[in-house]
Amino acid sequence: MKLMSFAWQGAQHYGAVDGTEVIDLTARIGARHPSLLALLQHGALAEAKQALAMPGPRIPLASVEWLMPFPEPRRIFCVGANYPKEHPLGGQVSGPAHPSIFQKAAENLVPHRGRLQQPTISEQFDYEGELAVIIGRGGTSIPAAEALSHVAGYACFNDGSVRDFQKHSVWAGKNFHRSGAFGPWMVTADEIGDPAALTLRTRLNGQEVQHTSIGRMFFNVPEIIRYISSVTPLLPGDVIATGSPEGSGATRNPPRWLRP
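Just so we're on the same page, our numbering is the position in the sequence shown counted from 1, plus 273.
What follows is the structure, given as structure tokens:
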């Protein structure tokens, strides 16, 4: 399933994308599971799949307002320097001994078709296309061998970065208002299988600027989940952005920054 959240007729809904329409799951099972986050918390993905056959509204995608897959995700963990490449701040990235984790505030993200905001105090606004992992079943000290069973699904993520601020503060460089994006939907894990077999592509104004195999990550999805859950319990609705490959604007000559 491709599960999305959206606004329609003044209310927040969630549903499953089917071609040019969204099957409104709020109308079908919303009384028990009022949001996509609640659906994960209740362990009800199988119920949602069964509900697709129930009678109810099918809404044209063209008539809805896109929201982030989870308009209020619990936490957003991000993995830095997780691909072999030249680092945008200089030097070659080699395989680290441990994942480098930081957090991004959900309030600083926009949904699919949302408008990013150019910082007024910097011109070094960069893009980073990434695979996002959404936790469906929580846990502590999750073994890598069991980690994928805790994943509800996957989504696209832009870890927008303001490079001159990132040089002195990762938090600042990664948390400018409306600097990143999350969406358009979550593809459930049963449709993906092994995430390492996926290909990541980032396009800027229609031009491909990043292209790599997810399998090139220094730390794969199970290893990342194992590491984070060894530090803090992972909860349903937590999002993990797994890092960005070569091709960001800062690594180009001349640099290619985002502009309005």
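Ideal Cβ placement from N, Cα and C applies to all residues, glycine included. All figures in this text were calculated on a predicted structure; none of them were measured in a lab.
Boundaries around V352 are those of the beta strand (DSSP E), 349-353, since no alpha helix (DSSP H) includes it. One alpha carbon belongs to T515, the other to S373, and they sit about 10 Å apart. Annotated three-state conformation of G446 is helix, per DSSP.
By the Cβ neighbour-count rule, M327 is exposed, with fewer than 16 other Cβ atoms within 10 Å of its own. Per DSSP, Q323 is not a residue of any beta strand (DSSP E); the alpha helix (DSSP H) it occupies stretches across 318-324.
The alpha-carbon of G522 is positioned some 20 Å away from that of R489.
Annotation for L340: no beta strand (DSSP E) segment contains it, and DSSP assigns it neither H nor E.
In terms of Cα proximity to G283, the closest of G292, L340, A417 is L340. The beta carbon of Y356 is closer than 8 Å to those of V366, T485, R489, M490, F491, G516, S517, P518, E519 in its chain, skipping five residues each way along the sequence. Just so you know, the alpha carbons of W444 and A304 end up roughly 38 Å apart. The stretch 444-464 and the stretch 489-509 do not touch, with fewer than three beta-carbon pairs separated by less than 8 Å. The alpha-carbon separation between A311 and F430 amounts to approximately 21 Å. When DSSP reads this structure, W281 sits in a beta bridge with A284. Taken in chain order, the unbroken stretches of beta strand (DSSP E) that lie wholly in the stretch 380-454 and span 3 residues or more are 402-408, 424-431. One thing to note: A335 has its Cβ within 9 Å of the Cβ of T293. I501 sits in a helix when the DSSP states are folded into three classes.
Fewer than three Cβ pairs drawn from the stretch 436-450 and the stretch 412-421 lie within less than 8 Å of each other, which leaves the two stretches out of contact. Counting only the Cα atoms, G353 lies some 15 Å from D399. Taking all protein chains shown into account, T413 has fewer than 16 neighbouring C-beta atoms within 10 Å of its C-beta and is therefore exposed.
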